[in-house]
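Visitor: Below is the structure I would like to discuss, written out as structure tokens.
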Amino acid sequence: MIHDTIERTIAINAPVQRVWSVLTEPAFLGRWFGNGEPVKIDLRPGGLLIFDHGVHGVIPARIETVEPPRLFSWRWSQGAAGEEPEDTNATLVEFTLAEDDSTGGTQLTLTESGFARLGLPTAEAAERHRANSQNWPGKLDQLRAVCEPTKA
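Okay, structure coming up:
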């Protein structure tokens with residue numbers, strides 16, 4: 037059986053607008069999710085988002101949803117580097133932001149779905165799910181670090 041979805045929720049000690057900026061602005065997005073260089077992004081549904089993951093290659097994604105400052109999603113290929121995302125080779129990555137009234141910070145929920153529909157052999161699709169499940173916590177920690185103010 038292939039697990040279809042990954043979901044992680046984290047608390048970030050920063051306002052929703054700051055988290056939105058870190059999720060969607062080229063320099064910030066490249067810092068926490070790329071190789072440190074600004075990404076190329078056409079921030080609109082249907083727009084292209086291009087990550088440079090260094091040794092893993094250039095990975096294009098297609099933006100699905102842009103609803104500032106609450107919802108941002110993209111679809112990216114789980115195939116070879118450089119492969120354009122399509123219905124049969126891509127998962128959907130969705131970030132949902134909510135204000136945390138008790139702290140003044142942000143609750144961010146990441147959902148990546150579509151592993152069961154990748155059109156890959158079962159073992160390979162399960163491996164993609166496993167690898168992404170292991171990688172998201174580190175990426176979300178990096179996102180949090182970029183969002184939160186540094187203590188002097």
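Heads up: the sequence shown at position 47 corresponds to 83 in this note's numbering, and the numbers run straight through without jumps.
Ideal placement from N, C-alpha and C gives every residue a C-beta, glycine not left out.
As an exercise, report each continuous beta strand (DSSP E) stretch of at least 3 residues that is fully enclosed by the stretch 108-140, in chain order.
Guide: Listed in chain order, they are 126-136.
Visitor: According to DSSP, simplified to helix, strand and coil, what is Ile181?
Guide: Reading off the sequence, residue 181 comes out as Ala, not Ile. Three-state result, Ala181: helix.
Visitor: Quick check on the DSSP output: the beta strand (DSSP E) that includes Thr60 runs from which residue to which?
Guide: First-last for Thr60: 52-60, but that is the alpha helix (DSSP H), not the beta strand (DSSP E).
Visitor: Which of helix, strand or coil does DSSP assign to Glu73?
Guide: Correct three-state label for Glu73: coil.
Visitor: So is Arg166 buried or exposed if we call it buried at 16+ other beta carbons inside 10 Å?
Guide: Exposed is the call here.
Visitor: Using a 10 Å radius around the Cβ and a threshold of 16 neighbouring Cβ atoms, would you call Gln170 buried or exposed?
Guide: It counts as exposed.
Visitor: Could you spell out where the beta strand (DSSP E) holding Pro96 opens and where it closes?
Guide: Counting along the chain, the beta strand (DSSP E) containing Pro96 begins and ends at 94-103.
Visitor: Counting pairs of Cβ atoms below 8 Å between the stretch 172-188 and the stretch 37-51, do you hit three or more?
Guide: Taking 8 Å as the limit for Cβ pairs, the verdict is that the stretch 37-51 does touch the stretch 172-188.
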